[in-house]
Amino acid sequence: MLVMTLAPWLLAAAAAATTDAPVQVRLDLQPAAAEQRLTLSLCFKGSGQQVRYRLKVRSSGTAGTGQTTQSGILTAGESEQCPLRNRLGIAADTAVEAELQWWIDDQEQPTLLERYPPRGGDSDEEPDPDQPQQLA
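Have a look at this one:
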């Protein structure tokens, strides 16, 4: 009898635990309305967790290559916080890659990778840091 009484409660608790993501992250790299521009945004939403992040943005084209790194720490709240919202000027043949390393309460999370232009058939595998990365 006790098992039958507790079973629905345990199932509900397990379902709640597996569907609640502690922090939602959004990394976008999209073409902007203006020609030859990209919009880069990084946003977090949570419930009081400490989030640490490091974002590397690499670009490559006939004009050359470049890389920038931005990092920070924030407390993820219930309203979305976007510590990065940038517009990037690019040439027509430029490839851009944004790689996000991030931690929730000092627990490392899976690396996120966004590319422009998007490559067909890409997987979300992390790049090998010891190998050169071809962007175009």
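Going by mature numbering (1 follows the signal peptide of the UniProt record, and there is no 0), the letters in the sequence shown line up with residues -17 to -1, 1 to 119, in that order. C-beta: ideal position from N, C-alpha, C; glycine also.
- With distances taken between CA atoms, I73 lies nearest to A46 out of R9, Y36 and A46.
- Contiguous beta strand (DSSP E) elements confined to the stretch 25 to 81 occur at 33 to 44, 47 to 58 and 64 to 72, taking only those with 3 or more residues.
- Sixteen is the threshold: when 16 or more other Cβ atoms of the shown chains lie within 10 Å of the Cβ of E82, as they do, the residue is buried.
- Nearest C-alpha to Q13 among V6, P5, S24 and T58: S24.
- R20 places its beta carbon less than 9 Å from that of R70.
- The residues Y36 and P66, in chain order, have a CB closer than 7 Å to that of G55 in the same chain once the five nearest residues on each side in sequence are set aside.
- Just so you know, the alpha carbons of V6 and K28 end up roughly 6 Å apart.
- Non-local C-beta neighbours of D88 in its own chain, meaning closer than 7 Å and more than five positions away in sequence, comprise Q32 and Q33, ordered along the chain.
- By the Cβ neighbour-count rule, T77 is buried, with 16 or more other Cβ atoms within 10 Å of its own.
- Per DSSP, reduced to three states, the secondary structure at E18 is coil, with no helix or strand assignment.
- For E91 and A17, the gap between their C-alpha atoms comes out near 36 Å.
- Secondary structure note for R102: it is in no beta strand (DSSP E), with a DSSP letter that is neither H nor E.
- A check of alpha carbon separations from Q50 across T58, L38 and Q64 identifies L38 as the nearest.
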